[in-house]
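Heads up, the thing below is written out as structure tokens.
Set out below in structure tokens:
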């Protein structure tokens, strides 16, 4: 038998790859044999229980997930844009407030923000955010805004400086140049990362149910969780997970395509 | 040589049997050797709460501890989310649920319950400033309940049809929601609402409902542990320890 040292680099690579394949297959076989497939199907993928989740899992749960996402994303976009403009402002106080906002928002978990906005502020001030989607949506929007501010700022800074200088030199005001020249280009640059934020936000909506739900405001996670606890079976939770994938996978693929295209055009 | 092998095989078989039985004086195997591991959603005063020094206490916890003592085991408490707490037992995360859980036919389909150890009804808790409304007065109001509880079920069946029923995942969030006026009332087990009203003047117990609910310890379906726990419960009742505990938390001997 040839010793390791006597093999060419190419032979070694091939040998190593075969070993890796062999170990992987052995691992899959061992794990696969250890699983009771009947039990697994019965407790995670029971078809009758999956069917039972419809149509409510779409007409109520997925709908509410998308409603929270919509409010969170549009609100976050507005907040993020304002904060991003503050952070690149010439005025120092604006810059300071902008960076404090971004740091504080990003440094605290979303779940804590949801509890602060849903319970903390009303207890302290007596002021409640109205509507069954209110507090959850506001919390999502504020936190999404903190993350988007940084994305938008990066986008603005990625637009060549000459663009602003040229716009100003033909007599445009700063704000007109920002709105009509810089931001449109910046947003084209940040479409992939913003879509990523959207995907994250869709998943983050699973946290708002801590503020309580009525039958009409359950989102996907809460819906699956409740149904799983009631049915004593993980199938409803798995069904909810599949619905998440149906929503998020096209976006994840779209981001990949957009990023590839952006890389090619560079 | 042949004899040696036979002896070896016998010894090996004995070791296997010993290993399968596990240690401890209990016949039923527990998820962690020498320990009775319970799942409990904490806090749910006065049944389960933090003891202020890093551990847990409460009526359920102390009773479970006494049961563990009867079985020659140490108690281990796992603070578990209410949603899916029975799945935790089914999946081997703990030996039993000791979490003020009412015995219901639906729950008993997939779990086995001990004999009942506590009688509870349902009740309505409101902020003292909102007077003393009955459940029938809750039309147009929001009632807070905990998901997958008998309180939620009672509210769905008995609240005025134009009342909004809002379900929360954790029992502790119910009081936050009431304090922040997110809900106008909390409908849940009487002893828990009663304890809160007794200890905090901001809350008033405004309505009570007799529902003939009994708490039981939930275990894995058809587990050998059920008989052991029932035996221990009976011994504790006979020795007066159960009565002492009941008196400590509820003022009567139960």
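Protein chains in written order, with my numbering: chain A, 2 to 267; chain B, 197 to 450. The beta carbon of each residue, even a glycine, is placed where N, CA and C say it ideally should be.
Collapsed DSSP secondary structure at residue i in the structure displayed
| i | result |
| --- | --- |
| residue 25(A) | helix |
| residue 405(B) | strand |
| residue 227(A) | helix |
| residue 231(B) | strand |
| residue 440(B) | helix |
| residue 234(A) | coil |
| residue 148(A) | helix |
| residue 330(B) | coil |
| residue 252(A) | helix |
| residue 240(B) | strand |
| residue 4(A) | coil |
| residue 218(B) | Residue placement at residue 218(B) cannot be trusted, given a pLDDT of 42 that sits under 50; what the coordinates show is reported in the next sentence. It is coil, neither helix nor strand. |
| residue 293(B) | strand |
| residue 345(B) | coil |
| residue 448(B) | coil |
| residue 196(A) | helix |
| residue 47(A) | coil |
| residue 65(A) | helix |
| residue 376(B) | coil |
| residue 268(B) | coil |
| residue 110(A) | coil |
| residue 9(A) | coil |
| residue 262(A) | helix |
| residue 54(A) | coil |
| residue 245(A) | helix |
| residue 426(B) | helix |
| residue 81(A) | helix |
| residue 353(B) | helix |
| residue 173(A) | coil |
| residue 142(A) | helix |
| residue 392(B) | helix |
Chain B contact for residue i (CB, 7 Å cutoff)
| i | result |
| --- | --- |
| residue 131(A) | no |
| residue 44(A) | no |
Test: residue i CB closer than 7 Å to a CB of chain A
| i | result |
| --- | --- |
| residue 380(B) | no |
| residue 402(B) | no |
| residue 295(B) | no |
| residue 275(B) | no |
| residue 308(B) | no |
| residue 343(B) | yes |
| residue 376(B) | yes |
| residue 231(B) | no |
Per DSSP, cross-strand counterpart(s) of residue i
| i | result |
| --- | --- |
| residue 157(B) | Since the displayed chain B opens at 197 and closes at 450, residue 157(B) lies outside it and no answer follows. |
| residue 92(A) | Note: residue 92(A) sits in no beta bridge, so no partner. |
| residue 339(B) | 361(B), 381(B) |
| residue 214(A) | 363(B) |
| residue 400(B) | 322(B) |
| residue 307(B) | 416(B) |
| residue 249(B) | Per DSSP, none; premise fails for residue 249(B). |
| residue 273(B) | 234(B) |
| residue 298(B) | 411(B) |
Is it true that the segment 386-396 of chain B meets the segment 309-325 of chain B, where meeting means three or more beta-carbon pairs spaced less than 8 Å apart? yes
Just checking, does the segment 111-124 of chain A make contact with the segment 41-52 of chain A on the three C-beta pairs under 8 Å criterion? no
Any chance the segment 419-434 of chain B sits against the segment 355-364 of chain B, with 3 or more Cβ pairs inside 8 Å? no
For the segment 335-349 of chain B and the segment 180-193 of chain A, state whether three or more C-beta atom pairs, one from each stretch, are separated by less than 8 Å. no
Proximal residues, the segment 112-123 of chain A versus chain B, C-beta separation under 9 Å: 116, 119, 120, 121, 122, 123
Can you list, in chain order, the residues of the segment 205-239 of chain A whose Cβ is nearer than 8 Å to any Cβ on chain B? 210, 211, 212, 213, 214, 215, 216, 223, 226, 227, 229, 230, 231, 233, 235
Please list the residues of the segment 345-372 of chain B that have a C-beta atom closer than 7 Å to any C-beta atom in chain A, keeping them in chain order. 360, 361, 362, 363, 364, 365, 369, 372
Under 9 Å (Cβ pairs) to chain A, residues found in the segment 280-293 of chain B: 280, 281, 282, 283, 286
Is the segment 247-255 of chain B touching the segment 192-204 of chain A in the sense that three or more CB pairs, one from each, lie closer than 8 Å? no
Does the structure place the segment 236-255 of chain A close enough to the segment 142-154 of chain A that three or more beta carbon pairs sit under 8 Å? no
Chain A contacts from the segment 242-267 of chain B (Cβ-Cβ distance under 7 Å): none
Using a Cβ-Cβ cut-off of less than 7 Å, give me the residues of the segment 325-341 of chain B that come near chain A, in sequence order. 340
Report yes or no: do three or more beta-carbon pairs, one from the segment 284-295 of chain B and one from the segment 337-354 of chain B, lie closer than 8 Å? no
Would the segment 176-188 of chain A and the segment 209-219 of chain A be scored as touching if the rule is three or more Cβ pairs under 8 Å? no
Do the segment 126-140 of chain A and the segment 86-96 of chain A make contact, defined as three or more Cβ pairs closer than 8 Å? no
Answer yes if the segment 367-386 of chain B comes into contact with the segment 398-405 of chain B, meaning at least three C-beta pairs across the two stretches below 8 Å, and no otherwise. yes
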